[in-house]
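First comes the structure, then the notes that go with it.
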Amino acid sequence: MSTIRWGMIGCGSVTEIKSGPAFYKAPGSALVAVMGRRPQAVRDYAARHGIARFYTDAQALIDDPEVDAVYIATPPDSHLEYSLLVAAAGKHCCVEKPMSLNAEQSALMQRTFERAGLHLFVSYYRRSLPRFQQVRAWLQQGRIGELRHLSWTLCKPPSPTDTHASNWRTDPAIAGGGYFADLASHGLDLFQYLAGDIVEVTGYTARQAGRYAAEDAVTACWSFTSGALGMGCWNFVADRREDRVELIGSAGRITFSVFDEQPLQLEAEVSQTLHIAHHPHIQWHHVLGMNAHIRGECVHPALAIEALKTDRIMDRVLQRKP
């Protein structure tokens, strides 16, 4: 199939600019149907984005014969249910990150699609972004020698939206954790793409401000298969915003941010500072990669088997149980 026809379950804020337009603007991709539980909202979304059909029932969208693959853009507590319905319909699927509420659910999702001979992707789209492809190239070229240590500090001040009723990201029953599950998952997945699998991890969590049910402070340390070590500090009730990653090697260093468009900085025998901007629709490269994978043209890096590793790490750090 030259054009992959997608249906989308969920039409929240993440789909307005980051993902939705990429599914209908990227070459070889079409967004032919969208589903939302609120009739007026999904009707308005379809009209604004030029999507031909809209539904208020997920099963109806999944069963639409014009839909080849389904993008699940809903909170994590619904990913297991919806993805299994997609697999039962014999269609490929992409779920938003994190993959589900815990590693047990994610493993069931991954096994189900694998046994059905279907593709399951997870929206860890940073693996496909040109700025991180550049970091990976520097590492593979040995520009900083052997990787010794990786550290990440991610902080933000508290916000009134933290306790808003509509903010599911601070409700562990919906999000599988707090902002750590929502945000740190991106980095933990990316680091394994850059530096190899994380094999040992330990962590501590706290509710330092106690403003919501989820943790607001997390620290963790880990080791990679290469023998390099890593550590992370995530605090969501801090004095200011900070997003800084440092890779220390035997012959140099690389610094960058996971979420901000700060310059990539390479300190080595030949140093570089690069400004690589994101595409306006940040999931653009991710969508291109999924479609090419479905057509058998490449192996996309954001597969469920990779995302499952991040869920297992978060289970250990958050001490999540099925």
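Numbered continuously in full-length UniProt numbering, the sequence shown closes out at residue 322. Where a beta carbon is used, it is the ideal one built from N, C-alpha and C, also for glycine. The structure presented is a predicted model; accordingly, all values stated were derived computationally and were not measured.
> Span of the alpha helix (DSSP H) holding Thr310?
Replying inline: For the purposes of this step, residue 310 is taken as residue 310 along the sequence shown, with counting starting at 1. Note, Thr310: alpha helix (DSSP H), Ala304 to Leu318.
> In terms of alpha-carbon separation, which member of Leu188, Tyr179 and Phe224 lies closest to Arg211?
Replying inline: For the purposes of this step, residue 211 is identified with residue 211 of the sequence shown, where counting begins at 1. Nearest option by C-alpha distance: Tyr179.
> What did DSSP end up calling Ser226 once you bin it into helix, strand or coil?
Replying inline: Here residue 226 refers to the residue found at position 226 of the sequence shown. Coil.
>> In this structure, how does DSSP classify Ser185 when only helix, strand and coil are distinguished?
In response: Reading the sequence shown from its first residue, position 185 is the one you call residue 185. Ser185: helix per DSSP, three-state reduction.
> On the three-pair Cβ rule with 8 Å, is the region 264–276 touching the region 223–239?
Replying inline: no
> DSSP state of Ser159, grouped into three classes?
Replying inline: As a working mapping, residue 159 is identified with position 159 in the sequence shown. If DSSP states are grouped into helix, strand and coil, Ser159 belongs with coil.
>> Taking the straight line between their C-alpha atoms, what separation do you get for residue 332 and Val270?
In response: Since the first residue of the chain shown is 1 and the last is 322, residue 332 is not available in this structure.
>> Excluding the 5 residues flanking Ala103 on each side, which residues of the same chain have their C-beta closer than 7 Å to its C-beta?
In response: The residue given as residue 103 occupies position 103 in the sequence shown. Once the five neighbours on either side are set aside, the close Cβ partners of Ala103 are Leu308, Asp311, Arg312 and Asp315.
> Where DSSP assigns a beta bridge to Ile248, which residues make up the other side?
Replying inline: One-based indexing of the sequence shown puts residue 248 at position 248. In the DSSP secondary-structure assignment, Ile248 is bridged to His149 and Arg253.
> Would you call Ala173 buried or exposed, if buried means 16 or more other Cβ atoms sit within 10 Å of its Cβ?
Replying inline: Start at 1 with the first residue of the sequence shown, and residue 173 comes out as number 173. Exposed: under 16 other Cβ atoms inside 10 Å.
> Which value, in whole angstroms, describes the spacing of the CA atoms of Ala209 and Gly203?
Replying inline: Looking up residue 209 in the sequence shown gives position 209. Looking up residue 203 in the sequence shown gives position 203. About 19 Å.
> So what does DSSP say about Asp77, is it helix, strand or coil?
Replying inline: In the sequence shown, the residue the question calls residue 77 occupies position 77. Three-state DSSP puts Asp77 in a helix.
> Are the beta-carbon atoms of Pro98 and Ala220 separated by less than 8 Å?
Replying inline: Taking the sequence shown and counting its residues from 1, the one referred to as residue 98 is at position 98. Taking the sequence shown and counting its residues from 1, the one referred to as residue 220 is at position 220. No, they are not a contact pair.
> To which residues of the same chain is Glu242 closer than 6 Å at the C-beta, ignoring the five residues directly before and after it?
Replying inline: Here residue 242 refers to the residue found at position 242 when the sequence shown is read from its first residue. Excluding sequence neighbours, Glu242 sits near Thr153 and Cys155.
> Of the choices Lys18, Gly10, Ala26 and Gly12, whose alpha-carbon is the least far from that of Met290?
Replying inline: To locate residue 290, count along the sequence shown from 1; it is residue 290. When each option's Cα is compared against that of Met290, the closest is Ala26.
> Under 8 Å between the Cβ atoms of residue 328 and Ala228?
Replying inline: What is shown of the chain runs 1 to 322, which leaves residue 328 out entirely.
> With distances taken between CB atoms, is the gap from His49 to His293 smaller than 8 Å?
Replying inline: Position 49 of the sequence shown holds residue 49. Position 293 of the sequence shown holds residue 293. No, the Cβ-Cβ distance between His49 and His293 is not below 8 Å.
> Nearest chain C C-beta to Met35 closer than 8 Å, yes or no?
Replying inline: Among the chains in the structure shown there is no chain C, since it carries only a single protein chain.
> How is Gln140 classed by DSSP in three states: helix, strand or coil?
Replying inline: Here residue 140 refers to the residue found at position 140 of the sequence shown. If DSSP states are grouped into helix, strand and coil, Gln140 belongs with the helices.
> Taking the C-alpha atoms as reference points, what is the distance between Val135 and Cys298?
Replying inline: The residue you call residue 135 lines up with position 135 of the sequence shown. The residue you call residue 298 lines up with position 298 of the sequence shown. Each residue's Cα considered, the two are about 21 Å apart.
> Can you name the start and end residues of the alpha helix (DSSP H) that Ala206 belongs to?
Replying inline: Within the sequence shown, residue 206 is the residue found at index 206, counting from 1. Careful: Ala206 lies outside any alpha helix (DSSP H), inside the beta strand (DSSP E) at Ile198 to Ala206.
>> Since Ala277 and Met109 should fall inside the 8 Å C-beta cutoff, what is the C-beta to C-beta distance between them, to a whole number of angstroms?
In response: Taking the sequence shown and counting its residues from 1, the one referred to as residue 277 is at position 277. Taking the sequence shown and counting its residues from 1, the one referred to as residue 109 is at position 109. The C-beta distance from Ala277 to Met109 rounds to 33 Å, too long to fall under 8 Å, and the pair is not in contact.
> Buried or exposed: Met8, going by 16 or more other Cβ atoms within 10 Å of its Cβ?
Replying inline: Here residue 8 refers to the residue found at position 8 of the sequence shown. It counts as buried.
> For Gly289, does the three-state DSSP call read helix, strand or coil?
Replying inline: Here residue 289 corresponds to residue number 289 of the sequence shown, with the count starting at 1. Helix.
>> Here's the rule I'm using: 16 or more other beta-carbon atoms within 10 Å means buried, otherwise exposed. How should Ser159 be labelled?
In response: Here residue 159 corresponds to residue number 159 of the sequence shown, with the count starting at 1. Exposed.
> Which value, in whole angstroms, describes the spacing of the CA atoms of Trp222 and Pro280?
Replying inline: Indexing the sequence shown from 1 puts residue 222 at position 222. Indexing the sequence shown from 1 puts residue 280 at position 280. Each residue's alpha carbon lies about 34 Å from the other.
>> Please state the DSSP three-state secondary structure of Leu101.
In response: As a first step, residue 101 must be located in the sequence shown, where it is residue number 101. Reduced to three states, the DSSP call for Leu101 is coil.
> Which residues bound the alpha helix (DSSP H) around Leu61?
Replying inline: Taking the first residue of the sequence shown as position 1, residue 61 is located at position 61. Segment Ala58 to Asp63, the alpha helix (DSSP H) holding Leu61.
> Which runs of the beta strand (DSSP E) fall wholly inside the region 24–53 and span at least 3 residues, in chain order?
Replying inline: 29–35
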